[in-house]
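Novice:
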Amino acid sequence: MKAILDRIVDGEKAVLLVGPDQKEVILPISSLPQDALEGDHFQVTFVNDRVVFMEKNQKEEQATKKRINNTLEQLRANQKSKYKRK
């Protein structure tokens, strides 16, 4: 199942947004890979509400960054102000 590391709380707990509904799952930070950062994408497997497998999903992360950059470029290209600069 796909998950995104949303945030780290108090340096102790990690909040993952899991699945298409982005359900919040709180885990101890020790269950994350050591190089995990907020915004990282993971492939996660749960058994009885416990994480049994977690690995970074670089492909998904790159696709998301590309989509965000494309959106930003479109927004910047379409900037038209009705106000004149002095």
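To convert, note that position 42 of the sequence shown is 42 in UniProt numbering; the numbers rise steadily by one, no gaps. We treat Cβ as the ideally placed atom computed from N, Cα and C, and that holds for glycine.
Residue 61 to residue 68, Cα distance in whole Å?
Specialist: Position 61 of the sequence shown, counted from the start, is the residue given in the question as residue 61. Position 68 of the sequence shown, counted from the start, is the residue given in the question as residue 68. Distance between the alpha carbons of residue 61 and residue 68: 11 Å.
Novice: Does the distance from the C-beta atom of residue 21 to that of residue 15 stay below 8 Å?
Specialist: Within the sequence shown, residue 21 is the residue found at index 21, counting from 1. Within the sequence shown, residue 15 is the residue found at index 15, counting from 1. No.
Novice: Which same chain residues, not among the five before or five after residue 1, have their C-beta less than 8 Å away from its C-beta?
Specialist: Within the sequence shown, numbered from 1, the residue matching residue 1 stands at position 1. Closer than 8 Å at the Cβ level, and outside the excluded window around residue 1, lie 18, 19, 43, 44, 45, 46.
Novice: Answer yes or no: do residue 51 and residue 27 have a C-beta to C-beta separation smaller than 8 Å?
Specialist: The residue labelled residue 51 in the question sits at position 51 within the sequence shown. The residue labelled residue 27 in the question sits at position 27 within the sequence shown. Cβ distance < 8 Å, so residue 51 and residue 27 count as in contact.
Novice: Return the bridge partner residues of residue 87 from the DSSP annotation.
Specialist: Residue numbering for the chain in the displayed model covers 1 to 86; residue 87 lies beyond these limits and cannot be assessed.
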